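Chains A and B, in that order, are what the protein sequence lines are. The first sequence begins at 1 in my numbering and counts up by one. The second sequence begins at 1 in my numbering and counts up by one. Even for Gly, the Cβ is constructed at its ideal location relative to N, Cα and C. Just so it is clear, the structure is predicted and the values come from calculations on it, not from any experiment. Written out below as structure tokens is the structure these notes cover.
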Amino acid sequence: MKTINLTMKKETSIAIEFDNVLPEMLYDKSQKEIEDTVIYRGNKEEKLSDYFDIEVSGESENSDDCTIVINGDLSRVKRIGYYMSGGKIIANGNVDFHVGARMSGGHIIVNGDAESYAGREMTGGILEINGNVKEFCGASYAGEWRGMSGGRIVIRGNAGKQLADYMLNGEIHVNGNCDILAGVHMSGGFIQIDGNVNQWIGGQMKKGTIVINGNLEQILPGFKLQEIIHNPFINGKYFIGKYHLYSGDKGVKGKGNLWIKE
Amino acid sequence: MEYILKNGVVFDPKNDVNGEETDIFIRDNKIVDKVSSDAKVLDVSGKLVMPGGVDLHSHIAGPKLSIGRLYRPEDIRKGVRAAPKDEVSGFEAGFSLPTCPTIGYRYTKMGYTTVTEAAVPPLEAKHAHEEINSIPNLDIPTLTLFGNNWFMLKYVKENRLDDLTLFISKWLKLAKGYGIKIVNPCGSEAWGWGKNVDGLDDPEPHWGVTGREVITSLTKVNERLGLPHSVHVHTNDLGHPGNYETTLETFDCVKDIKKNKNVDRNQIMHCTHIQFHAYKGTSWRDVSSGATELIDYINKHDHLTCDIGQITFDETTTMTADAPMEYDLFRLTGLKWANKDIEVETASGLIPSIYSSRAPVSVLQWAVGLEFFMGVRDPWKIALTTDSPNGGPFIRYPKIISWLMSNEKLQDMLDNEVHNWATNRTDLGTYNREYTWDEIAILTRASTSKILGLEDRGHLGVGAKADVSVYDIDVNDFDPTLKSNSSVIEEKLLNSKYTIKDGQILVKDSKIVKLVKSNHIWCNVQGLEKYEKTLEKRIKPEFNKYYTIKYENYGVNDHYVEPETRINIKYGGESFENN
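Structure representation (structure tokens):
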């Protein structure tokens, strides 16, 4: 097992891009090569060692056996785990845009809050955020019509607007509350929200399943009540309580399922 | 500067040079018969040498591309390449909707030197020419949209062919246009009322004019003016099952119109992306190929030419002035759709399109396109296009060439790759034709330049423009008919060894070594200025009533088209003295 410890030593107001700092890119690199890894700060090429103290321990045969631990103020570090396909990244701090975006495998843990576009268009792997996320988590990129299509996102805090916009597949679990427009344009996948949800959830959804365990402020008129079920079995597990099952969005001839706990 | 391209295997169909090992001499921007001893020798021994590529129908500049780029950011993210350190070109981005410089880089690397922008509404011509200024390394004629223009419709309705002739002549000057483009005549205008027209004889709701009247009138005007290119027609009913009958009627409706004696081309009408207009059936459930009937007509008649609009199994973007058709596609697919009104000139629309080798309709369209390549006996009557990006992006031309040259490859695709509609609903499986390099040179150079009326290119005869492409294929040791060589053809034709334009080396060893400004090619009809002024006076009040801009701000000023090739045409048609 190889562990690469990165500790931020120099703060920056201009964003650093971390798309070259992935387990699959660094698992077979020496300490010197890791220090020389190119990162972009704004439009300038810099070395990873210019901004981080680097400690490397152990060896690994493949990316799955490699963990990158990032410490410090990461609020201007963008694209952590961008296109990641294996291994593990632990970010101890609040992270900037696009964490876990387009990832296809591996495991990312953020011990802090995440900016917008966390896990956007991800196709596999696990993204765990032990804090809040902002807008477009698990969604498509602006203008795209294909969002998250695989993998799992767990959010321990609250989620911002347009969670899982254009979601095709995969799973998102929000422990806290969720802002407006969650699951809009969704055509597959599963969303579980344990807290309260602001309005317009599931607008124009065609398929997929949303479960709300908290309160929903207002349901869209395109959803029709189908039945009320006690302890329903949804997505491989039982949900305890009395749930109202709505189907919609009828405005787009959708057949999505919206479960709301009474 | 002088160059000798030494010992290349040359394919120059216009001059009957078919794979002969010979030298090409270049002085400044022309092909010559000899050069001085100071000439630089480029050793291309055994390599494939052709004239610079000429694309007669592509969508590379104008507002529709800008809308597409804004509307499809996912497309721009494809094909991103950092600026290469050993080339003079910059970064690339985009697949079906590349950035303007990327378009120039990719065409240049493919050995193309002339590319026609096939649909520019006069109102947006400034925008199109500005974009051309951002595309490097090409000669670009633009075709001006007239098929749904209100002034045109009015003159056709009132049978005022003199006024229509003056209008076209003047408007080509205003738009700095090269030729007349007709898109879904009357249908795009009907879209203003949320409608389309059904066939050639269905009148448009406001003016009561039919597509047949528009096409015949504009063809007569085109021949009267003696424009180098014929009318360039996107016929009615594009993409509708059963539309082959409308296409046949369109072929036939101009056959008695006399061609201008002073032009070199053979055709009086060019029908574009013919593949999209060749379906039988009543719905997408019972659709089948109507190519056989159209091929038969093309083989028996000389008054028309076609380009194909081949499908290439990609996720691409369709964009056209045929806005009602784009709405039909939106109804069919439910994908995001954009629509734009171009005031009293035309409409336009845009929608992504996903062509899959497993989707029956996509495969039928793919097979219909290939049927035309296989069935039309005379390659001088057709041209290789994908209607880029509508059927697929232009970077797929080499892939199409690999299909055309190898029957083994095509049969393998029919047997193993594509949905069985290709064999069940088309005749593609019955053909075993294999194109030669000479015929490929016709499809991509010689016929396209002849159809466009650009006689100074598309060949390597003495006096021709020094546009030459050389590919790293040892012609005499390479068998293009082998399936295993298909990917080699694709790779080599995508990355030319040399691309030379106007005697300047732009690509060397597959790397872009020089960037030059693109050249705007447009037609300037001389001898009608006095009458055009009279017409202008009459038009202005109507223009200022219907347009959102003033007439004075409408035309493309000269500084938009630098450098330019102004093709001066001396008017020699009927007199206007009574006008």
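Item, Value
"Could you name the residues of the region 121 to 141 of chain A whose beta carbon sits closer than 7 Å to any beta carbon of chain B, in the order they occur along the chain?", "Y141"
"From which residue to which residue does the alpha helix (DSSP H) around B/D75 run?", "P73 to I76"
"Restricting to Cα atoms, I'd like to know which of B/G503, B/R566 and B/N544 is closest to B/A39.", "B/G503"
"Could you name the residues of the same chain whose beta carbon sits closer than 7 Å to that of B/G90, not counting the 5 residues immediately before and after it, in chain order?", "A83 and P101"
"Quick one: which chain B residues come within Cβ less than 7 Å of A/G144?", "This sequence places Glu at residue 144 of chain A; Gly is not what is there. Correct list: P73 and E74."
"Can you tell me the Cα-Cα spacing of B/H520 and B/T448, whole angstroms?", "18 Å"
"Mind pulling the alpha helix (DSSP H) runs of 4 or more residues that sit fully within the region 112 to 183 of chain B?", "125 to 132, 150 to 157 and 161 to 175"
"Specify the secondary structure class of A/N177 as computed by DSSP and reduced to three states.", "coil"
"In this structure, how does DSSP classify B/K14 when only helix, strand and coil are distinguished?", "helix"
"Identify the residues that DSSP records as bridge partners of B/K40: which are they?", "B/Y3"
"CA-CA distance, B/W150 and B/Y112?", "36 Å"
"Mind checking which residues open and close the alpha helix (DSSP H) that includes B/A441?", "W437 to A441"
"Taking B/M319 as the reference, which of B/D252, B/S469 and B/I60 has the closest Cα?", "B/I60"
"The beta strand (DSSP E) spanning A/Q192 covers which residue range?", "S187 to I193"
"Cα-Cα, which of B/D256, B/K14, B/V344 and B/G309 is closest to B/D610?", "Absent from the structure is residue 610 of chain B, since the part of chain B shown begins at 1 and ends at 579."
"B/N524 and B/I567 look like a contact to me (Cβ under 8 Å); what is the Cβ gap, rounded to whole Å?", "7 Å"
"Please name the residue, chosen from B/D438, B/V32, B/P379 and B/D307, that lies closest to B/G391 on a Cα-to-Cα basis.", "B/D307"
"Keeping to the same chain, check which residues put their C-beta closer than 7 Å to that of B/E293; ignore five residues upstream and five downstream.", "Y244 and L248"
"Which same chain residues end up closer than 8 Å to A/K250 when comparing Cβ atoms and leaving out the 5 residues on each side of it in sequence?", "G222, F223 and K224"
"When you check each C-beta in the region 302 to 335 of chain B against every C-beta of chain A, which residues fall closer than 9 Å?", "G334 and L335"
"Using the C-alpha atoms, what's the distance from A/N196 back to A/K255?", "23 Å"
"With DSSP as the reference, label B/K508 as helix, strand or coil.", "strand"
"For the alpha helix (DSSP H) that contains B/M374, what are its first and last residues?", "P360 to G375"
"How far does the beta strand (DSSP E) with B/E245 in it reach, from first residue to last?", "Looking at the DSSP string, B/E245 is not in any beta strand (DSSP E); the run it does join, the alpha helix (DSSP H), is Y244 to C253."
"At what residue ranges does the region 383 to 445 of chain B contain a whole run of the alpha helix (DSSP H), taking only runs of 4 or more?", "397 to 405, 407 to 412, 421 to 424 and 437 to 441"
"Given a cut-off of 8 Å, decide if A/A114 and A/G131 are closer than it, judged by their beta-carbon atoms.", "yes"
"So what's B/G522 in DSSP terms, helix, strand or just coil?", "Residue identity check: residue 522 of chain B is Trp in the sequence provided, not Gly. Note: B/W522 maps to strand in three-state DSSP."
"Mind pulling the alpha helix (DSSP H) runs of 4 or more residues that sit fully within the region 119 to 174 of chain A?", "none"
"Would you report the Cα separation of B/F11 and A/G143, rounded to the nearest angstrom?", "46 Å"
"Taking only the alpha-carbon atoms, compute the straight-line gap between B/A291 and B/E158 and give it to the nearest angstrom.", "36 Å"
"Does DSSP classify B/G211 as helix, strand or coil?", "helix"
"Quick check: A/N169 and A/G150, are their CB atoms within less than 8 Å of each other?", "yes"
"Please classify A/S49: does DSSP put it in a helix, a strand, or coil?", "helix"
"Please determine, among B/L97, B/P141 and B/D456, the residue with the shortest C-alpha to C-alpha distance to B/K176.", "B/P141"
"Could you tell me whether the region 164 to 182 of chain A touches the region 199 to 218 of chain A, using the rule of 3 or more Cβ pairs below 8 Å?", "yes"
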